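Asker: Residue numbers for the sequence shown follow numbering that gives the first Met the number 0, so the first one is 0 and each next one is one higher.
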Amino acid sequence: MTLWLTRIQPDLRHRDVRRDLASAVGMHHRLMMLFPDDLGPTARNTLGALYRIEDAAGPTRSPQVLVQSRERPDPSRLPAGYGTTTTKDISALIGLLANGLAVRYRIDANAVRKPGHTTRAATGAKAVIPLSGADADEWWARQAEERSGLKLTSTHSTPLTAASGERHQDKRQIKHARTRFEGTAVVTDHTTLQQRILEGIGRGKSYGCGLLSLAPLTNPAR
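(1) Label Thr-178 either buried or exposed according to how many other C-beta atoms from any shown protein chain fall within 10 Å of its C-beta, with 16 as the threshold for buried.
(2) From the DSSP output, in three-state form, read off Ile-200 for me.
(3) Can you give me the Cβ contacts of Ile-106 inside the same chain, cut-off strictly under 6 angstroms, excluding the 5 residues immediately before and after it?
(4) Using a Cβ-Cβ cutoff of less than 7 angstroms, which residues in the same chain neighbour Asp-54 once the five nearest sequence positions on both sides are dropped?
(5) Apply the 10 Å Cβ neighbour rule to Ser-156 and answer buried if 16 or more other Cβ atoms are within range, or exposed otherwise.
(6) Kindly indicate which three-state DSSP category Arg-6 falls into: helix, strand or coil?
(7) For the ligand NAD, any of its heavy atoms closer than 7 angstroms to the Cβ of Lys-170?
(8) Taking the straight line between their C-alpha atoms, what separation do you get for Gln-193 and Thr-122?
(9) What is the rounded straight-line gap between the Cα of Val-16 and the Cα of Asn-109?
(10) Just to confirm before moving on: does the CB-CB distance between Asp-73 and Thr-1 stay below 8 angstroms?
(11) Should Tyr-206 and Ala-23 be called a contact, given that it needs their Cβ atoms to be closer than 8 angstroms?
(12) Buried or exposed for Lys-170, going by 16 or more other Cβ atoms inside 10 Å?
(13) If you measure between the beta carbons of Val-102 and Thr-183, is that distance less than 8 angstroms?
(14) Excluding the 5 residues preceding and the 5 following Leu-11 in the sequence, name in chain order all residues of the same chain whose CB lies nearer than 6 angstroms to its CB.
(15) From the DSSP output, in three-state form, read off Ile-93 for me.
(16) Does Asp-37 pass the burial test, meaning 16 or more other C-beta atoms within 10 Å, or should it be called exposed?
(17) Hey, Gln-8 and Thr-83: beta-carbon distance below 8 angstroms or not?
(18) In the structure shown, what three-state DSSP assignment does Arg-221 receive?
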């Protein structure tokens, strides 16, 4: 299976860019415009489309948008002047993942706890509880080591602003707490890891959460 990674350098002078960056829902719809219109109600799942907004860097001080997908996007479908794009096939990199390989990782994830029905009834707890600090770190460790074929060797977590916006179809406000986890790990189950990369991890995949990026650690001793 071919896997594509697209990097969008948006132009902050463009009105649509500013609006999309202010709404995770708006950014989701914008990025889905890069693909054909006839993919049905589960288009994001079909495409395996995930995105992450990277911090502002370089002389432009403008954030970048990373988009991962199973189908190559068509940047000509963006509004004129929206920004510049580069796309590369990362299938070979995914294929290089092997048990024992040391890697660097980064993911913006929606770390949450879901109390059972009995607990909610007894305590009045919400169905989904956002996690932060040590609780979020423990959530990521479980996701990585029990479900994603990674053994973490270092982790640095940073709380981010929540992914939020208004859904077009029902005007419902969505809000997903986000934490950025980055560090180093060793691959323990490459088959499971490859599947998790394709599917994304956790909730909020339509809204900038769940994209796991890996790169071989060229000098693990450092």
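Don't be surprised by glycine CBs; every beta carbon is placed ideally from N, CA and C. All of these numbers come straight from a predicted model, not from anything done at the bench.
Answerer: Inspection of the coordinates gives the following:
(1) Sequence index remark: in the sequence shown, residue 178 carries index 179 (1-based). Buried, by the Cβ-count rule.
(2) Working through the sequence shown from its first residue, we reach residue 200 at position 201. Coil at Ile-200, not helix or strand.
(3) Sequence index remark: in the sequence shown, residue 106 carries index 107 (1-based). Once the five neighbours on either side are set aside, the close Cβ partners of Ile-106 are Phe-180, Leu-211.
(4) Walking along the sequence shown from the start, residue 54 turns up at place 55. Pro-62.
(5) In the sequence shown, counting from the first residue as 1, residue 156 sits at position 157. The residue is buried, with at least 16 neighbouring Cβ atoms inside 10 Å.
(6) Residue numbering aside, residue 6 sits at position 7 when the sequence shown is read from its first letter. Strand, per DSSP.
(7) For the ligand NAD, the structure offers nothing, since it holds no ligand at all.
(8) Along the sequence shown, one-based indexing puts residue 193 at 194. Along the sequence shown, one-based indexing puts residue 122 at 123. When rounded, the distance between both Cα atoms is 39 angstroms.
(9) In the sequence shown, counting from the first residue as 1, residue 16 sits at position 17. In the sequence shown, counting from the first residue as 1, residue 109 sits at position 110. Taking the straight line from one Cα to the other gives about 24 angstroms.
(10) Position 74 of the sequence shown holds residue 73. Position 2 of the sequence shown holds residue 1. It is not a contact, given that the beta carbons lie outside the stated cut-off.
(11) Stepping through the sequence shown from its first residue, residue 206 is reached at position 207. Stepping through the sequence shown from its first residue, residue 23 is reached at position 24. A contact, by the Cβ cut-off of 8 angstroms.
(12) For the purposes of this step, residue 170 is identified with residue 171 of the sequence shown, where counting begins at 1. That one is exposed.
(13) Taking the first residue of the sequence shown as position 1, residue 102 is located at position 103. Taking the first residue of the sequence shown as position 1, residue 183 is located at position 184. Yes, they are a contact pair.
(14) On the sequence shown, position 12 is the one that residue 11 refers to. Closer than 6 angstroms at the Cβ level, and outside the excluded window around Leu-11, lie Ser-61.
(15) On the sequence shown, position 94 is the one that residue 93 refers to. If DSSP states are grouped into helix, strand and coil, Ile-93 belongs with the helices.
(16) One-based indexing of the sequence shown puts residue 37 at position 38. Exposed, since its Cβ has fewer than 16 Cβ neighbours within 10 Å.
(17) Stepping through the sequence shown from its first residue, residue 8 is reached at position 9. Stepping through the sequence shown from its first residue, residue 83 is reached at position 84. Contact flag set, yes.
(18) Taking the sequence shown and counting its residues from 1, the one referred to as residue 221 is at position 222. Because the pLDDT of Arg-221 is 44, which lies under 50, any placement of that residue in the model is unreliable, and the question is left without a value.
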